[in-house]
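**Student:** This is the structure I have questions about; it appears just below.
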Amino acid sequence: MTTLENPVTGERFTFTHRSPEKLAFDFALREGGKVPIPHVHAVQTERFEVVAGTVRFRLGLRTLIAHPGDVIEVPPGVTHAFANVGTGEAQMRIEVTPALAMAELFTEVVALAHAGRMNRRGLPRDPRDLATLAHRYAEEAHAPLLTARLQRWLMAPLVRRRRAALQPSSARAA
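For what it's worth, UniProt numbering labels the leading residue of the sequence shown as 1, then goes sequentially.
Pasting the structure below:
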């Protein structure tokens, strides 16, 4: 089992099942922790089972408070976010179907956090990093008011600049 820990947001992911059909993981979130921004999964269903703690979910315009034993299912296309509103660490079992590249998205975000490239809210400090993530993982998650296609189109110039900046100077001169 692979475990990822985000030092900025206090999230811990322990992957328990990975296949194209489903990503399952045990998830822990420190007291007061929350996902950085509300987001949408265009084609994925996300299922949360609260194991410990108290978690506030925002699903569209609704707010739900979930306790151990509660299950929250978020269908595709629903804007959502969640936060640990209890005392101590919140723990959940989460399933995402289909998996797409969610594990890779989490891995890349955690790597950016470990490299010091995230702000205290858990978002990339450099807008080009944000654009690269948004472009690369547009099918997995996108901003609530943008379709994945529109998000990719809007972020494309920043992605091109980021790629150009990462190329060795000899490759740019050729």
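Glycine included, every Cβ here is placed at the ideal spot set by N, Cα and C.
Only a predicted model underlies this, so the values are computations on that prediction, with no experimental measurement involved.
At what residue ranges does the segment 15 to 39 contain a whole run of the beta strand (DSSP E), taking only runs of 3 or more?
**Tutor:** For the segment 15 to 39, whole beta strand (DSSP E) runs of length 3 or above, ordered along the chain, are 23 to 29.
**Student:** Can you name the residues that DSSP bridges to Asn6?
**Tutor:** According to DSSP, which records beta bridges pairwise, Asn6 is partnered with Glu11.
**Student:** Starting from the Cα of Gly88, find the closest Cα among Val71, Arg47, Gly122 and Gly33 and give me that residue.
**Tutor:** Taking only the C-alpha atoms, the option nearest Gly88 is Gly33.
**Student:** Do Gly86 and Val8 have their CB atoms nearer than 7 Å?
**Tutor:** No. Outside cutoff.
**Student:** Apart from the five residues just before and just after Ala103, which ones in its own chain have a Cβ nearer than 7 Å to its Cβ?
**Tutor:** Cβ neighbours of Ala103 beyond the five flanking positions: Phe15, Arg18 and Leu23.
**Student:** Sorted by chain position, which residues of the same chain lie with C-beta nearer than 8 Å to Ala52's C-beta, five sequence neighbours on each side aside?
**Tutor:** Contacts found: Pro68, Gly88, Glu89, Ala90 and Gln91.
**Student:** Measuring only the C-alpha atoms, how far is Leu64 from Gly116?
**Tutor:** Distance between the alpha carbons of Leu64 and Gly116: 33 Å.
**Student:** Can you tell me which of His135, His39, Glu31 and Pro20 puts its alpha carbon nearest to the alpha carbon of Pro144?
**Tutor:** The shortest C-alpha separation from Pro144 is found at His39.
**Student:** Excluding five sequence neighbours on each side, which residues of the same chain lie with their C-beta closer than 6 Å to the C-beta of Glu5?
**Tutor:** So the list reads Arg12, once near-sequence residues are dropped.
**Student:** Does the distance from the C-beta atom of Leu59 to that of Val78 stay below 7 Å?
**Tutor:** The answer is yes: Cβ separation under 7 Å.
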